[in-house]
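Right, one structure below, let's go through it.
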Amino acid sequence: MNENIIKGRWKQMTGYIQKKWGKLTDNDLDQIKGEQKNLTGTVQKQYGTAQKDTEKQLNKLKE
């Protein structure tokens with residue numbers, strides 16, 4: 034997974050991310066700052082998902 038895709042398209046992706054993971058707040062997204070590890074960790078914390086599952090879902094969003 035290319036982390037630069039997330040950083041470079043962060044503004045665009047936030048809408049898709051909020052649709053997919055509606056529990057994430059604007060404050061969460063501000064703190065994530067396009068960092069894949071931060072996003073994965075925050076989603077895992079909010080939803081109790083495994084890292085691999087979260088990364089698979091994130092990959093689908095990036096396509």
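Every number in the numbering used here is 33 more than the matching position in the sequence shown, counting from 1. Idealized CB from N, CA, C, for every residue including glycine. Only a predicted model underlies this, so the values are computations on that prediction, with no experimental measurement involved.
Tell whether a beta-carbon distance below 7 Å holds between residue i and residue j.
| i | j | result |
| --- | --- | --- |
| K56 | Q79 | yes |
| T75 | I65 | yes |
| K85 | G67 | no |
| Y49 | L94 | yes |
For the alpha helix (DSSP H) that residue i lies in, which residues bound it at each end?
| i | result |
| --- | --- |
| K70 | Q69 to Y80 |
| L94 | Q84 to K95 |
| W43 | W43 to K53 |
| L62 | D59 to I65 |
Give me, in chain order, the residues of the same chain whose beta-carbon lies closer than 8 Å to that of residue i; leave out the 5 immediate sequence neighbours on both sides.
| i | result |
| --- | --- |
| W54 | V76, Q79 and Y80 |
By Cβ distance below 6 Å, which residues in the same chain neighbour residue i in space, the five residues on each side in sequence not counted?
| i | result |
| --- | --- |
| D61 | T75 |
| E96 | none |
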